[in-house]
Structure formats: C-alpha cells, structure tokens
Amino acid sequence: MFLLRTRRALIALPATLLAALTILCSIFGCLALGKSQPDYSVYHNLSAVYAEIASLAQTYPAYFQVDHRFKSHNGLSQLVVRLANFSDSSPHAGPQPQNFKVRALLSFGQRGGELVTVESALHFLHRLLAGLTAPSHTFDGALSRTLLSKVDLHLVVLANPDGRNYVERTGDYCFDRTTSGLSMDSLFGWDLDYRQMAAQAETQVLLNLSQAQALDAFVAFRSGVREIHLPFAGAHSGRLDNKPANLEAMTLLAKDVARSVKPHFVYGQAHHLLPSLLNGTAFDFMAGVRKVPFSLSI
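First residue of the sequence shown? That's 1 in the UniProt record's numbering, and the numbers climb one at a time after it.
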C-alpha cells in the first residue's frame, strides 16, 4: 500500500502541490514581520482569523468546509479547513471524492508569534478560491481548477491558537510554545499513538486526520529561516543515520520548491541543517510512524 501510494503521489504531486507550495513560499517573503510588533492593518488578529475562515466557508460551500472539532488546551478551535471539489462526490457517501486524488495535510501557526504562516494560509485560500472565477487559461484559473479537482487538501490554520492568544494579550511575539510551556516540535514522539490519552490537546488534530485517511503529503509551515527540512530532525532508535523510505523523491520535490522562489531556499535532511536535534516534530512522526510518502517542514 505504501509503495502504491508513493507511485501515485509521485505522478500527481509535481503538477499540483508544487505550484501550491511555490505560492505559499512566495507569500512568506512578502509578509515578513520585519519588526517586533505586527502591523494589524496587514495581519489578522486571532478573532479576525476566525471571522475570515467563517466568511470563506459561507462564500464557497461547494469547495470549502471548516471543522471546529479539534481544539486547543484552552478550547480554541484549530480551524481545520478542507478544500476539494465536492461536486465530484458520491451523493450517497457524503463529500468523498470518487477518483484518486492526492491527499495532503498542511499545518500553520505552530508557534504563538508565528503570524506569517497563518497569514500565508489566508492569502493562499483567497487566491485559490478567487481563481475559480478567473478564466481557465490564466495561471490562477488553471491552478485552482487543477488543484481542487486533483487534490483533497486539509489545512490546520491554527495549530497552536492558545499560543497565538497569549502573544496578542502579552505582546511577547517571541513566545514559541503552547500554554502548557511545551514546544510544538517536541509533542510528536513516535509512541504517541500508544499514549493518546496523555497527549497534549494540540496533537489530536494531526493524529486524527492522519489516522482517518492515508495521506500522500504532509507539510508543516514555519517562519524564521528559508529552509526546507526533510526527515529526520531527531534521533530514533538511538541512530542519527535513519532515512525515510522516500527520501530521494522528497529531495527532488524540495529542490523544485526551493529553486522556484527567490531568494532560493536551502533544503536537506533536518538533522544536517538544524543547530541541534529535535525529537518530536510532526513531520518526523508523519514520515516515520504514519509512513506518509512526502513529509517536510518549510
């Protein structure tokens, strides 16, 4: 099953997710914070993010669904958005695409002060949905129609809404943890499936979405450095030389994304690029435990 999913994803990814990831990486450069306090004429605050997602769900019901089941430790919605052409669905089975589609999960806003990634998600959603009304021969028109017909896309818009709420209340935009004091990069130990009852609330969304469907791609977005990290970021089973099964194909995808925007991104296995090992990242978990063919952090 893993090999079949990998072969199918390899065929579909270059024509679909590559363009989407390129757009998201380009947006990063336009939205760089550049100073210690954000300009809220450019950025959405937390309540405005929720309002914006609700507005999009109301405007584009045939392509856009929002799920509020998954919540943070303090009960704030992590805003799970699903994008697909639901008109392709079986009328009896609910909104499940009938033909093979790349199933991708994107995660934004892991750190409380990470406004850029959340804003990038909003810009991406607006551009993709606006493309539905653009002529099909234009880039945006073709991208929107292709992506929504060939990809079943889930976005976690606010992976750490408690952290975001904290920085807006305190002005501490360097805060990079959950309100439990833990880094999101340490929450996804490889034994997490066996201790879900004790897991942090913020992990449940990725655990559940990756259990409910066999993903073809997972991408965690972060701000601060222009690097694309491939698994693994940590040491597993006491070894530093572990490599995911699909590393060669992941490297080719990272290379294409890195070179498609300027200035170019650096790419490589995370433990070669990071100043220290990180045990417990979501993209390591997706590659090592869930066996997602393409798992990376940008």
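Don't be surprised by glycine CBs; every beta carbon is placed ideally from N, CA and C.
Paired residues, beta bridge with residue i - DSSP
| i | result |
| --- | --- |
| Y50 | Looking at the DSSP assignment, Y50 forms no beta bridge with any residue, so it has no partner. |
| E227 | V266 |
| P294 | According to the sequence displayed, residue 294 carries Phe and not Pro. F294 pairs with A217. |
| D152 | R103 |
| S183 | R177 |
| K71 | S77 |
| L83 | F64, L153 |
With 16 other Cβ atoms within 10 Å as the buried cut-off, status of residue i
| i | result |
| --- | --- |
| F139 | exposed |
| I298 | buried |
| Q269 | buried |
| S90 | With a pLDDT of 36 at S90, under the threshold of 50, the modelled position of this residue cannot be trusted; read the value that follows with caution. S90 comes out exposed. |
| V225 | exposed |
| S136 | exposed |
| D191 | exposed |
| H92 | Unreliable positioning characterises H92 in this predicted model, as indicated by a pLDDT of 31, which lies under 50. The coordinate reading is nonetheless provided below. Under this definition H92 is an exposed residue. |
| L148 | buried |
| G181 | exposed |
| A62 | exposed |
| G288 | buried |
Short Cβ contact (7 Å threshold) for residue i with residue j
| i | j | result |
| --- | --- | --- |
| G112 | Y40 | no |
| residue 382 | R103 | Outside the displayed range of the chain (1 to 298) lies residue 382, so it cannot be described from this structure. |
| L76 | F64 | no |
| N160 | G234 | no |
| V116 | S223 | yes |
| V66 | K101 | no |
| F124 | A217 | no |
| R69 | H154 | no |
| residue 356 | T146 | In the structure displayed, the chain extends from 1 to 298; residue 356 sits before or after that span and is not available. |
| S72 | A245 | no |
| V156 | Q78 | yes |
| S144 | G131 | yes |
Worksheet item: Does the pairing of the segment 270-288 with the segment 172-187 give three or more beta-carbon distances under 8 Å?
Response: yes
Worksheet entry | Contact between the segment 80-87 and the segment 191-199 (3+ Cβ pairs under 8 Å) | Touching, no.
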